[in-house]
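Down below is the structure, laid out as structure tokens.
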Amino acid sequence: MQTFDLGAEGLRALNSALHGLKGQTNMTAWEVVNPKGAHAIAAGVDAPVDITVRGSTGYYCAGMNKQATIRIKGSAGPGVAENMMSGTVIIDGDASQYAGATGRGGLLVIKGNASSRCGISMKGIDIVVHGNIGHMSAFMAQSGNLVCLGDAGEALGDSLYEARLFVRGSVKSLGADCVEKEMRPEHIAILEDLLSRGEADAKARPEEFRRYGSARTLYSFNIDNASSY
Amino acid sequence: MTDFPRTPPRYSATFTPAVNAEIRRAAATGIYDIRGGGTKRHLPHFDDLLFLGASISRYPLEGYREKCATDVWLGTRFAKKPIHLDIPITIAGMSFGALSGPAKEALGRGATDAGTSTTTGDGGMTEEERGHSKTLVYQYLPSRYGMNPDDLRRADAIEVVVGQGAKPGGGGMLLGQKISDRVANMRNLPKGIDQRSACRHPDWTGPDDLEIKIMELREITDWEKPIYVKIGGARPYYDTALAVKAGADVVVLDGMQGGTAATQDVFIEHVGMPILACIPQAVKALQDLGMHRKVQLIVSGGIRTGADVAKAMALGADAVSIGTAALIALGDNDPKWEGEYQKLGTTADAYDDWHEGRDPAGITTQDPELAARLDPVLGGRRLKNYLKVMTLEAQTIARACGKNHLHNLEPEDLCALTIEAAAMAGVPLAGTNWIPGRNGGF
Ligand SMILES: Cc1cc2nc3c(=O)[nH]c(=O)nc-3n(C[C@H](O)[C@H](O)[C@H](O)COP(=O)(O)O)c2cc1C
């Protein structure tokens with residue numbers, strides 16, 4: 000285990016060392032201490048490395064992550080795992096706004112609650128939130144899966160495309176063009192896998208969720224839907 | 000009966016035939032007019048400025064003998080690898096999706112031969128463009144279509160797009176006709192849908208967030224790449240100041256004449272300010288912060304000639320950017336396709352239904368047959384020629400003003416033909432020392 004004191008050595012040194020791991024496979028575990036809410040911790044990593052951040056992070060922790068497993072032993076600021084490509088990000092606490100925004104792959108697990116706009120414009124990422132998600136979550140979500148074990152705030156899935164949303168609790172309101180859809184066996188299978196990989200299989204069963212997705216009425220501009228655009 | 004003279008039919012200046020036609024079209028369809036291109040109405044523009052040239056008080060440089068340099072450095076503030084271009088005329092961001100693959104390749108070829116950069120667009124980086132553009136600026140847009148760290152790292156600069164002159168405050172659109180398999184795949188969208196892009200970034204709002212976002216992009220790319228911030232000409236003084244505060248290396252300022260691939264006509268014609276009015280405000284912001292020439296300013300919106308380039312630079316820009324003009328150089332709106340323009344209900348030089356994807360010149364299309372009409376090698380050569388002519392024109396003017404570098408052009412080399420242009424550009428009305436709004440003016 001390589002320990003990195005962020006307070007003493009600084010962000011540039013950390014990210015530069017992590018970027019230097021690209022192509023390497025021999026160094027597998029890192030620990031970052033004294034994160035003190037710094038921004039862009041472990042942004043742009045592209046290596047199969049296991050990074051544990053001991054504390055809370057600021058904006059854009061694990062931004063654009065590829066391959067790495069990044070564990071935040073605290074809460075995460077806005078835009079955690081934004082545009083993630085692959086790998087896994089696991090947050091023990093809560094996540095602020097835009098968690099997993101525009102993510103294109105990989106798995107984001109939030110063991111607490113996620114604030115507004117969780118999964119905004121998601122493009123293939125899988126997100127599992129053990130608690131609740133805030134308003135406008137999955138806004139314009141394009142693809143991937145968003146799983147919420149708790150409740151969803153207002154305007155869930157507004158203007159979404161092909162992303163799948165699974166919510167176990169209540170949904171305050173659905174956004175434009177977002178509708179409840181039938182849970183078919185293939186969706187149960189997706190959920191089963193995500194709950195297990197999202198370390199939530201002990202907390203919930205797939206049958207307890209409802210599925211939401213796009214009614215696809217906004218896909219072709221139609222004047223009769225103008226008030227929804 | 001006496002035959003009295005009758006009042007001849009008289010068109011209203013308010014309800015012109017064009018206005019009435021639009022009312023009828025709206026009444027019939029219930030949908031606003033969407034089109035490509037920039038503002039079509041008459042606006043105060045560079046044509047309303049003139050250079051004074053040298054005389055007794057200033058002496059000119061000898062054409063062809065005495066050097067007039069044209070190069071420009073961009074991104075010298077923070078980036079480890081700033082960009083050096085031979086000419087200060089760059090190719091603006093135009094998306095693959097809006098443009099065909101061969102058109103992107105032609106832009107890359109022409110710009111590279113002329114010693115300048117091209118810019119990606121809302122739709123990601125294509126091999127055609129990366130492969131042929133020596134210096135490629137990668138746009139970071141609200142939609143984030145195709146965004147990934149590998150392309151960020153193989154770009155030469157990053158442009159965070161906050162706004163565009165054609166539609167400050169608006170998002171992109173690409174209609175279903177142009178969402179081919181390849182475009183759909185690059186954007187993670189279903190094929191053939193009418194795509195709406197967001198107008199705000201998904202993971203930041205406001206200047207304080209932007210500062211953190213820029214820092215993240217610098218971290219991901221190890222502080223190598225210059226970071227541009229592109230703004231539409233809305234509140235250029237404050238937007239420029241805030242972009243500088245947020246850590247931009249370069250500010251790209253696009254006036255309302257700036258082209259677009261597809262936007263509501265009402266947006267194109269009624270939102271934003273002419274580039275002439277924007278440049279002095281942006282320059283003032285940079286000067287007030289002590290950042291003029293340290294944070295470079297690239298301006299765009301209706302730039303067509305070397306004279307426009309020279310005027311923009313005399314007002315304080317470090318470089319300019321062209322979109323529409325580059326497409327015309329490639330062959331867009333060429334009268335040789337007149338028969339086909341007629342079939343589309345339009346005429347050469349007026350065709351603006353770029354969003355429909357049926358461009359006879361094969362540039363603003365995803366139709367493989369139409370796209371094949373543009374030879375990227377020939378198109379690249381035409382663009383290079385055009386960029387060369389613009390550069391020579393700008394140098395001709397600069398030498399006449401006694402300048403050995405285009406960057407030495409200054410507002411004192413200019414006068415204005417109209418009171419409006421004098422007020423907006425902050426240069427005296429021709430034959431006077433009057434700058435409306437200054438010198439005790441109103
Ligand atoms: C076909 C076309 C596509 C465009 N696509 C984009 C885009 O994807 N992103 C962007 O920031 N600006 C886009 N623009 C605007 C240009 O980057 C630039 O601001 C504008 O064209 C400059 O004005 P000009 O056309 O008068 O030269 C586009 C413009 C055109 C003509």
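Chains A and B, in that order, give the protein sequences.
The first sequence finishes on residue 228 if you use numbering that gives the first Met the number 0, and the numbering steps up by one all the way, no holes.
The second sequence finishes on residue 441 if you use numbering that gives the first Met the number 0, and the numbering steps up by one all the way, no holes.
Heads up, the beta-carbon is just placed ideally off N, CA and C, and yes, glycines get one too.
Is DSSP giving residue 238 of chain B helix, strand or coil here?
-> In this structure, DSSP gives residue 238 of chain B a helical state, which the three-state scheme calls helix.
Taking only beta-carbon atoms, is residue 94 of chain B less than 9 Å away from chain A?
-> The beta carbon of residue 94 of chain B sits no closer than 9 Å to any beta carbon of chain A.
Mind checking residue 55 of chain B: buried by the 16 CB within 10 Å criterion, or exposed?
-> It is exposed - the Cβ of residue 55 of chain B has fewer than 16 other Cβ atoms within 10 Å.
Can you list, in chain order, the residues of its chain whose CB lies under 8 Å from that of residue 10 of chain A, leaving out five sequence neighbours each side?
-> Cβ neighbours of residue 10 of chain A beyond the five flanking positions: 37, 38, 39 and 40.
Report yes if the C-beta distance between residue 248 of chain B and residue 226 of chain B is below 9 Å; otherwise report no.
-> Yes; because the gap between Cβ atoms is below 9 Å, this pair is in contact.
Using a Cβ-Cβ cut-off of 9 Å, state whether residue 157 of chain B counts as contacting chain A.
-> Not an interface residue.
Given that residue 209 of chain B touches chain A, what residues does it touch there, using C-beta distances under 7 Å?
-> Under the 7 Å cutoff, chain A gives no residues; its nearest Cβ is about 11 Å from residue 209 of chain B.
Between the region 137-152 of chain A and chain B, which residues of the former have a C-beta closer than 7 Å to a C-beta of the latter?
-> Near chain B, meaning a CB-to-CB distance below 7 Å, the residues of the region 137-152 of chain A are 139, 141 and 142.
Reference residue 106 of chain A, options A:96, A:83 and A:91, closest by Cα = Per the Cα distances, A:83.
Considering residue 385 of chain B, what are the terminal residues of the alpha helix (DSSP H) in which it resides?
-> Bounds of the alpha helix (DSSP H) holding residue 385 of chain B are 375-399.
Ignore the nearest five residues each way along the sequence and tell me which others in residue 2 of chain A's own chain have a CB closer than 7 Å to its CB.
-> Answer for residue 2 of chain A: 30 and 32, listed in chain order.
For residue 422 of chain B versus residue 414 of chain B, is the C-beta spacing smaller than 9 Å?
-> Between residue 422 of chain B and residue 414 of chain B, the C-beta gap is not smaller than 9 Å, which leaves the two residues out of contact.
Cβ-Cβ distance between residue 93 of chain A and residue 74 of chain A below 9 Å = Contact flag set, yes.
Candidates B:159, B:85, B:99 and B:102, of which the one nearest residue 111 of chain B by Cα = Nearest C-alpha to residue 111 of chain B: B:85.
Got a sec: is the Cβ-Cβ distance from residue 93 of chain A to anything in chain B below 9 Å?
-> So, not an interface residue.
Taking all protein chains shown into account, decide if residue 131 of chain A is buried (16 or more other Cβ within 10 angstroms of its Cβ) or exposed.
-> Its Cβ being crowded by 16 or more others within 10 Å, residue 131 of chain A is buried.
Best match in A:120, A:15 and A:45 for proximity to residue 158 of chain A [C-alpha to C-alpha] = Minimum Cα distance to residue 158 of chain A is reached at A:120.
For residue 376 of chain B, count neighbouring Cβ atoms within 10 angstroms of its own Cβ and tell me buried if that reaches 16, exposed if not.
-> The residue in question, residue 376 of chain B, is exposed, as its Cβ has fewer than 16 Cβ neighbours within 10 Å.
For chain B, find out if any of its Cβ atoms is closer than 9 Å to the Cβ of residue 163 of chain A; answer yes or no.
-> It does not: the Cβ of residue 163 of chain A has no partner Cβ on chain B nearer than 9 Å.
Partner residues on chain A for residue 223 of chain B, Cβ-Cβ distance less than 9 Å | Neighbours of residue 223 of chain B in chain A, taken as residues whose beta carbon is under 9 Å from its own, are absent, since the nearest beta carbon is some 11 Å off.
Quick one: residues in its chain with C-beta nearer than 6 Å to the C-beta of residue 70 of chain A, no 5 flanking neighbours on either side, listed in chain order?
-> A distance below 6 Å between beta-carbons, with the five flanking residues on each side excluded, links residue 70 of chain A to the following residues of its chain, in chain order: 51 and 89.
Listing by chain order, which chain A residues have their CB less than 7 Å from the CB of residue 192 of chain B?
-> Within 7 Å Cβ-Cβ: 218 and 219.
Straight-line gap, residue 169 of chain B to residue 159 of chain B (C-alpha atoms, nearest Å) | The C-alpha of residue 169 of chain B lies about 15 Å from the C-alpha of residue 159 of chain B.
If we call anything under 9 Å between Cβ atoms a contact, is residue 361 of chain B one with residue 91 of chain B?
-> For the pair residue 361 of chain B and residue 91 of chain B, the CB atoms are not nearer than the 9 Å cut-off.
How would you call residue 79 of chain B, buried or exposed, if buried means at least 16 neighbouring beta carbons within 10 angstroms?
-> So residue 79 of chain B counts as exposed.
Give a yes or no on whether the minimum CB-CB distance between residue 175 of chain B and chain A is below 9 Å.
-> By this cut-off, residue 175 of chain B is an interface position.
My understanding is that residue 378 of chain B touches residue 322 of chain B, with C-beta atoms under 8 Å, so please give their C-beta distance in whole angstroms.
-> Between the beta-carbon of residue 378 of chain B and that of residue 322 of chain B there is about 15 Å, and that puts the pair past the 8 Å contact cut.
Would you verify that the beta carbon of residue 180 of chain B is, or is not, closer than 9 Å to some beta carbon of chain C?
-> Absent here is chain C; the protein component of the structure consists of chains A and B.
Under the rule that 16 or more other beta-carbon atoms within 10 Å means buried, what is residue 256 of chain B, buried or exposed?
-> Buried, by the Cβ-count rule.
Ignore the nearest five residues each way along the sequence and tell me which others in residue 219 of chain A's own chain have a CB closer than 6 Å to its CB.
-> There are no such residues.
Run through DSSP, which three-state label would residue 216 of chain A get?
-> Residue 216 of chain A falls in the coil class under three-state DSSP.
Unbroken alpha helix (DSSP H) run spanning residue 213 of chain B, endpoints | It spans 205-219 - the alpha helix (DSSP H) in which residue 213 of chain B sits, taken as one unbroken run.
Closest to residue 44 of chain B by CA distance: which of B:424, B:429, B:431 and B:232 is it?
-> Answer by Cα proximity: B:424.
Is the beta carbon of residue 164 of chain A sitting closer than 9 Å to the one on residue 203 of chain A?
-> The criterion of a C-beta distance shorter than 9 Å is not satisfied by residue 164 of chain A and residue 203 of chain A.
Work out the CA separation of residue 166 of chain B and residue 280 of chain B for me, nearest whole Å.
-> Residue 280 of chain B and residue 166 of chain B have their C-alpha atoms spaced approximately 19 Å apart.
Should residue 348 of chain B go down as buried or exposed, given a rule of 16 or more other Cβ atoms within 10 Å for buried?
-> Per the 10 Å Cβ criterion, exposed.
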